[in-house]
Structures are given as C-alpha cells and as structure tokens.
Amino acid sequence: DTAVSQTPKYLVTQMGNDKSIKCEQNLGHDTMYWYKQDSKKFLKIMFSYNNKELIINETVPNRFSPKSPDKAHLNLHINSLELGDSAVYFCASSPGWTGIGYTFGSGTRLTVV
Amino acid sequence: GIQVEQSPPDLILQEGANSTLRCNFSDSVNNLQWFHQNPWGQLINLFYIPSGTKQNGRLSATTVATERYSLLYISSSQTTDSGVYFCAGPRGNMLTFGGGTRLMVKP
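Line by line, the protein sequences are chains A and B.
Here my numbering is used: the first residue of the first sequence is 10, the next is one more, and so on.
Here my numbering is used: the first residue of the second sequence is -17, the next is one more, and so on.
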C-alpha cells in the first residue's frame, strides 16, 4: 500500500497548456502539502492545506492552485505552463497542523517544452 | 522565515567510513527534521529531532537547539546510503529545507 501516491509520475507538455497532478494519501493525515524541487535539488514549499486552512507561499505564482475534494486528496492545478515550471513536484502529508511526521509521495517530474 | 544551511554540499566516502553532516539554522526551532532522498528520488523522513539525540541503526542525529545546529552521523557507510540528505526547519506549519548534502558512497 502506497501511503502517499501521486499521478502521473512523468508529465511532458507544451508551454501554455493547463495540467493537473493528483495526490492521495491513505494515512488518515489531516494536512497535505505541495513542494517543488528544481534541477539543483532545492526543495521549496508551495502550499499547505487541511480542511480548515490553506496557506500559500507568497512566492508561488497564482497560476498554481491546490484543490482538495476531500481530506485524503490534494491536487495541484497549473495554468498557462511556462518553461520555468519544469521541476519535480512532491506531495506530502503529516498527521497534524504542526508539520511533524512528514510522509512524501514519490514525485511527479514535469517537463514543459 | 528561518534560514537553513547545510554542509558540506558534497561528500564522497569509501564504504565503511563514518561521516558527519551539519545543519545550521538561523532561529530557534521546535521542529527540525532530517530527510534522505535516495537516487531514485524518494524522500524518506529519517528523524524528527528538535533537541537532544536520537539513533536509528547506523544513523544518529543530535540537535543543540541553543546553538542552532543539528548533526547527522552516518557510521559504517554503505552504498545504499548514497543520495541527498536534507534538514528542514519550520516555516509556520510547513518546512523550509536546506540545500542538502549530496553523498556518494563508493564500494
């Protein structure tokens, strides 16, 4: 059983397109997150979300939006994709709102051409 | 927000050697975590260690919160220890990651 699963694992798309990455966790965690890892391996927080609150890193362009149909899912929508959006995107979850006990998904490698 | 710096940025070891990775943070923390990203990209949570010392097999971690640093010890390194080691500190309920230490263990 995969605790935090992301789909697709690889995504190649053209500039200007709109795409989504799905994330599901079966751990019963309350909080989910999206992180971006660039080509130099730097990991940067994008969003954290539970059923009460969405916190957005102020540096994230508004072309990125998280959508949560329920507690176990946090999908990432990206509009008008740009070359600089190419990266590996990681979903994660944690039991509470304190950020302790992270579990990461296996990542989605997005390539914008 | 908190700044997290890791050293060294790169490390090459011969199998069986020991090593120490360091993480400095700019402010006091109540949530300091170490992660390992294996060569296939999977991120694994190693330790939650806001203070004190914890051990898990050949790995151990120590955080001296008053001096704002944490150390990750790897003893008797194995090729499977290769990858990138990250420490991360709190940014609200999220984590701010250091730049990582890229470790290669040679057989």
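Backbone N, C-alpha and C fix where the C-beta goes; we use that ideal spot for every residue, glycine too.
Quantities reported herein were computed from a predicted structural model and do not represent experimental measurements.
Taking DSSP as the reference, what is the three-state secondary structure of residue i?
i                    : result
residue 91 (chain A) : coil
residue 62 (chain A) : coil
residue 96 (chain A) : strand
residue 63 (chain B) : helix
residue 44 (chain B) : strand
residue 49 (chain B) : helix
residue 87 (chain B) : strand
residue 7 (chain B)  : strand
residue 84 (chain A) : strand
Just how far apart, CA to CA, sit residue i and residue j?
i                     : j                     : result
residue 59 (chain B)  : residue 4 (chain B)   : 16 Å
residue 42 (chain A)  : residue 77 (chain B)  : 10 Å
residue 53 (chain B)  : residue 86 (chain B)  : 18 Å
residue 43 (chain B)  : residue 30 (chain B)  : 9 Å
residue 28 (chain B)  : residue 122 (chain A) : 35 Å
residue 62 (chain A)  : residue 68 (chain B)  : 27 Å
residue -15 (chain B) : residue 19 (chain B)  : 20 Å
residue -13 (chain B) : residue 33 (chain B)  : 17 Å
residue 36 (chain A)  : residue 51 (chain A)  : 26 Å
residue 47 (chain B)  : residue 25 (chain B)  : 24 Å
residue 17 (chain B)  : residue 11 (chain B)  : 17 Å
residue 8 (chain B)   : residue 50 (chain B)  : 7 Å
residue 103 (chain A) : residue 12 (chain A)  : 11 Å
residue 48 (chain A)  : residue 66 (chain A)  : 20 Å
residue 86 (chain A)  : residue 53 (chain A)  : 17 Å
Name the two residues that bound the continuous beta strand (DSSP E) containing residue i.
i                     : result
residue 18 (chain B)  : 15 to 19
residue 33 (chain A)  : 28 to 34
residue 76 (chain A)  : 73 to 76
residue 27 (chain B)  : 25 to 30
residue 11 (chain A)  : First-last for residue 11 (chain A): undefined, no H or E at that position.
residue 21 (chain A)  : 19 to 22
residue -11 (chain B) : -14 to -11
residue 68 (chain A)  : That residue, residue 68 (chain A), is in no beta strand (DSSP E); it is neither H nor E in DSSP.
residue 45 (chain A)  : 40 to 46
residue 38 (chain B)  : 34 to 38
residue 57 (chain B)  : Note, residue 57 (chain B): premise wrong, no beta strand (DSSP E); not H, not E.
residue 77 (chain B)  : 76 to 79
residue 121 (chain A) : 117 to 121
Considering only residues of the same chain and omitting the five flanking positions on each side of residue i, which have a CB-CB separation below 8 Å?
i                    : result
residue 8 (chain A)  : No answer is possible for residue 8 (chain A): the residues shown for chain A start at 10 and end at 122.
residue 60 (chain A) : 39, 77 and 80
Which same chain residues, not among the five before or five after residue i, have their C-beta less than 6 Å away from its C-beta?
i                    : result
residue 84 (chain A) : 29, 31 and 76
residue 97 (chain A) : 46, 116 and 118
residue 81 (chain B) : -12
residue 35 (chain B) : 44
Which residues in the same chain as residue i place their Cβ atom closer than 7 Å to its Cβ, once the five residues preceding and following it in sequence are excluded?
i                     : result
residue 110 (chain A) : 103 and 104
message: Quick test of the definition: if touching needs 3 or more C-beta pairs under 8 Å, does the region 88 to 96 of chain A touch the region -8 to 9 of chain B?
response: The region 88 to 96 of chain A makes no contact with the region -8 to 9 of chain B, as fewer than three CB pairs between them are under 8 Å.
Cβ contact check for the region 10 to 20 of chain A and the region 61 to 73 of chain A: 3 or more pairs under 8 Å: No contact exists between the region 10 to 20 of chain A and the region 61 to 73 of chain A.
query: Does the region 29 to 38 of chain A come close enough to the region 64 to 77 of chain B to have 3 or more Cβ pairs within less than 8 Å?
result: They do not touch, by the three-pair rule.
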